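In the working numbering, the protein residues as written are 482 to 707.
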């Protein structure tokens with residue numbers, strides 16, 4: 482079964498608005514045990530994200546530049562205009578990163594993971610078609626997908642893929658799962674069907690890897706694309 486963001490996201494979301502003060506944002510992060518919080522407008526549309534890093538940057542600049550009234554040289558101020566602007570910010574609107582990286586609830590969990598990796602973030606705001614906030618998905622939510630038991634994974638591969646999805650004879654296929662690693666062994670009629678079975682098994686949530694030990698009676702690979 483294809484797991485979507487809606488299946489794993491948190492719907493009880495802590496959010497702030499652009500005028501929310503620095504200290505209230507910090508309290509929201511600490512009390513919620515979270516690393517970032519979405520910033521929304523009056524219609525609950527996501528306009529940005531404020532993270533721990535955004536708040537810590539303010540403290541870093543304060544320690545580096547303002548101890549005993551020190552002012553940084555002009556060159557340093559010009560070199561880090563965005564960082565300095567955030568360091569001087571006192572509200573969510575001034576501290577946030579905008580536009581926020583968001584994801585649709587219909588997107589796959591894999592798509593969400595790739596977005597996080599590409600943008601170097603730990604959580605994504607989940608928005609509807611009008612960019613209204615409907616949830617939050619974090620790396621921790623996605624990691625939970627890999628905590629499925631081996632038995633659940635094996636059952637899904639046998640029942641949903643081999644018995645229902647493929648529409649071919651899979652009576653000769655054996656499924657074994659250990660620590661999320663799936664081994665498919667036995668035989669199928671066609672080489673192309675065996676390849677499809679392996680690809681579909683890889684997409685099952687919780688699968689770490691697939692070891693292909695399948696054999697086939699007919700090598701139909703030469704007919705591919707005809």
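Using N, Cα and C, we set each Cβ at its ideal position, and we do this for glycine too. What you are looking at is a predicted structure, and each value in this text was computed from that prediction instead of being measured.
Euclidean distance between Cα positions of residue i and residue j
i: residue 641; j: residue 700; result: 25 Å
i: residue 510; j: residue 516; result: 6 Å
i: residue 534; j: residue 637; result: 40 Å
i: residue 537; j: residue 602; result: 16 Å
i: residue 497; j: residue 684; result: 36 Å
i: residue 635; j: residue 522; result: 45 Å
Same chain, Cβ closer than 6 Å to residue i, five either side skipped, listed in chain order
i: residue 525; result: 613 and 614
i: residue 698; result: 670
i: residue 492; result: 616
i: residue 487; result: 586
i: residue 545; result: Reliability of the predicted coordinates at residue 545 is poor, the pLDDT of 48 falling under 50, and no value is obtained from them.
i: residue 651; result: 643
i: residue 639; result: 656
i: residue 686; result: 484 and 626
Whole-number beta carbon distance between residue j and residue i, since they are thought to touch under 8 Å
i: residue 631; j: residue 656; result: The pair is not a contact, with the Cβ atoms about 10 Å apart (cut-off 8 Å).
i: residue 679; j: residue 689; result: With 8 Å as the limit, residue 679 and residue 689 do not qualify as a contact, their Cβ atoms being about 14 Å apart.
i: residue 661; j: residue 627; result: 6 Å
Close Cβ partners of residue i (< 7 Å) along its chain, the five nearest in sequence each way excluded
i: residue 582; result: 596, 600, 602 and 605
i: residue 696; result: 668
Query raised in the report: Are the segment 600-617 and the segment 659-674 touching by the rule of at least three beta carbon pairs closer than 8 Å?
Result: No, the segment 600-617 does not touch the segment 659-674.
Query raised in the report: Taking three-plus beta-carbon pairs below 8 Å as touching, is the segment 569-580 in contact with the segment 491-509?
Result: Contact between the segment 569-580 and the segment 491-509 is present, because at least three Cβ pairs lie under 8 Å.
Requested in this report: Write down every uninterrupted run of the alpha helix (DSSP H) in the segment 630-672 whose length is 4 residues or greater and which is fully enclosed by it, in chain order.
Outcome: 631-637
Query raised in the report: What alpha helix (DSSP H) runs, 4 residues minimum, are completely inside the segment 498-522?
Result: List check, alpha helix (DSSP H) in window: 503-513.
Query raised in the report: Can you give, in chain order, each stretch of the alpha helix (DSSP H) that sits fully within the segment 562-619 and has at least 4 residues?
Result: 562-568, 573-576 and 590-600
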